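Below is one structure; the comments refer to it alone.
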Amino acid sequence: MTDSGLEVDINSDMGEGFGAYRLGDDAAILDIVSSANVACGFHAGDPEIMTATFSMARAKGVAVGAHPSFADLWGFGRRTIPHSADEIERLVAYQIGAAQALSSYAGHPIRYVKAHGALGNLTQTDRAVAEAVTRAVKAVDPTLICLVIALGFQDRIARDAGLTVKSEIFADRAYTQEGFLVSRKLEGAVIHDAGKAAERVVRMVKQGAIETISGQLLKTPIDSVCVHSDTPAAVAIAARVRAGLEQSGISVKAFVATR
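The numbering used here puts the first residue of the sequence shown at 9, with every later residue one more than the last.
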């Protein structure tokens, strides 16, 4: 098929084991995606896993970023832990620093920051949290890109702060009418069918819009597509999404800073 002139990144969460425990097939996913969000030790990850993940991504030519979260190993970062905005700012700064150190140690420095789980969801819907995460990125290294949920608070706040922002959609998550992620507690929140996920992603990227559960289209820049690595169908979904994009003439390429 003729190249459409469109290009998009595919990202996935990586390094989400801890000690002797592993989650997801990182090696297989890294053969498909163009960017890897590496856990920084708060919801998963440790120095050994982080270093190994950064090294593997380097070998496979995959860009890397920090994936900070609430301090929630027990709940995998998917529980909201009460914090002040200042505390959130510092816990994110702490994790960015860890990712910078170990990615540099592995010879593959991080390019961006993407908040994980409950923290990431709050950057979409809670102005104070979005501002705290943005302040942390800007204070630690303003050259880092903010990878944010499309149409969320951080999407606007980080741009206003003068940071480079890349907006992402989710291949395997449903959206509400407002453009928020459907709660994982509700049926249909996670899309498990690889073919359905791929077709939906191609439609959204081509139309430059989020597709809600009712079929409504919400216009937004789409710079990256997230495929979660911790679901049973993760590798199949990632492979189908990439194949679908490329077959539609959409190039898959890691995003870069635009300023």
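Every residue, glycine too, gets a C-beta built ideally from N, C-alpha and C. Keep in mind that this is a model prediction, so the values were computed, not measured.
Between residue 61 and the rest of its own chain, which residues show a CB-CB distance below 6 Å, the 5 nearest in sequence each way excluded? Position 53 of the sequence shown, counted from the start, is the residue given in the question as residue 61. Excluding residues within five positions, the ones whose Cβ falls inside 6 Å are 22, 23, 46.
Residues near residue 63 by beta carbon distance below 6 Å, same chain, minus five either side: Position 55 of the sequence shown, counted from the first residue, corresponds to residue 63. So the list reads 114, once near-sequence residues are dropped.
Exposed or buried, which one is residue 34 when buried takes at least 16 other CB atoms within 10 Å? Translated into the one-based positions of the sequence shown, residue 34 becomes position 26. By the 10 Å Cβ count, residue 34 comes out buried.
Ends of the beta strand (DSSP E) at residue 161? For the purposes of this step, residue 161 is taken as residue 153 along the sequence shown, with counting starting at 1. Run containing residue 161: none in the beta strand (DSSP E); it sits in the alpha helix (DSSP H), 161 to 168.
In whole angstroms, what is the alpha-carbon distance linking residue 133 and residue 111? Walking along the sequence shown from the start, residue 133 turns up at place 125. Walking along the sequence shown from the start, residue 111 turns up at place 103. If I take the Cα positions, the gap works out to 30 Å.
For residue 211 and residue 180, I'd like the C-alpha separation in whole angstroms. To locate residue 211, count along the sequence shown from 1; it is residue 203. To locate residue 180, count along the sequence shown from 1; it is residue 172. Residue 211 and residue 180: Cα-Cα distance of roughly 14 Å.
Return helix, strand or coil for residue 187, following the three-state DSSP convention. As a position in the sequence shown, residue 187 is number 179, starting the count at 1. Residue state, collapsed to three classes: coil.
Residue 98 versus residue 257 - alpha carbon distance: Locating residue 98 in the sequence shown gives position 90, where the first residue counts as 1. Locating residue 257 in the sequence shown gives position 249, where the first residue counts as 1. About 42 Å.
6 Å Cβ shell around residue 122 - same chain, five flanking residues per side excluded: Position 114 of the sequence shown, counted from the first residue, corresponds to residue 122. Result list for residue 122: 45, 73, 75, 155, in chain order.
Buried or exposed by the 16-neighbour rule on C-beta atoms within 10 Å, applied to residue 264: Numbered from 1 along the sequence shown, position 256 holds the residue referred to as residue 264. Counting Cβ neighbours within 10 Å, residue 264 comes out exposed, since fewer than 16 surround it.
What are the boundary residues of the alpha helix (DSSP H) that residue 254 is part of? If you number the sequence shown from 1, residue 254 lands on position 246. Start and end: 242 to 255.
Ends of the beta strand (DSSP E) at residue 270? Here the chain covers residues 9 to 267 and nothing more, so residue 270 does not appear.
For the 8 Å Cβ check, are there 3 or more pairs between the region 141 to 160 and the region 238 to 248? no
Nearest neighbour of residue 178, chosen from 192, 236, 86, 79 [CA to CA]: Translated into positions along the sequence shown, residue 178 becomes position 170. The shortest C-alpha separation from residue 178 is found at 236.
Here's the rule: buried if 16 or more other CB atoms are within 10 angstroms of the residue's CB, otherwise exposed. What is residue 80? Within the sequence shown, the letter at position 72 stands for residue 80. Classification for residue 80: buried.
Pop quiz: residue 192 and residue 40 are said to be a contact at Cβ under 8 Å. What is the actual Cβ separation, rounded to whole angstroms? By 1-based counting over the sequence shown, the position of residue 192 is 184. By 1-based counting over the sequence shown, the position of residue 40 is 32. That belief does not hold up - the Cβ atoms of residue 192 and residue 40 are roughly 23 Å apart, past 8 Å.
Taking residue 129 as the reference, give the member of 102, 120, 187 with the closest Cα. In the sequence shown, residue 129 corresponds to position 121, counting from 1. The shortest C-alpha separation from residue 129 is found at 187.
Residue burial classification, residue 67 (beta-carbon count within 10 angstroms, cutoff 16): Within the sequence shown, numbered from 1, the residue matching residue 67 stands at position 59. Result: exposed.
Taking one C-beta from the region 164 to 172 and one from the region 212 to 226 each time, how about it: are there three or more such pairs within less than 8 Å? no
Measuring straight from C-alpha to C-alpha, what distance separates residue 69 and residue 162? Within the sequence shown, residue 69 is the residue found at index 61, counting from 1. Within the sequence shown, residue 162 is the residue found at index 154, counting from 1. Each residue's Cα considered, the two are about 28 Å apart.
Name the one or two DSSP bridge partners that residue 21 has. Residue numbering aside, residue 21 sits at position 13 when the sequence shown is read from its first letter. Paired residues: 45.
Contact set for residue 59: own chain, Cβ-Cβ below 7 Å, skip 5 residues either direction: As a working note, residue 59 is residue 51 in the sequence shown. Excluding sequence neighbours, residue 59 sits near 110, 113, 114.
Looking at C-beta atoms only, is the number of pairs between the region 82 to 101 and the region 134 to 152 that lie closer than 8 Å three or more? yes
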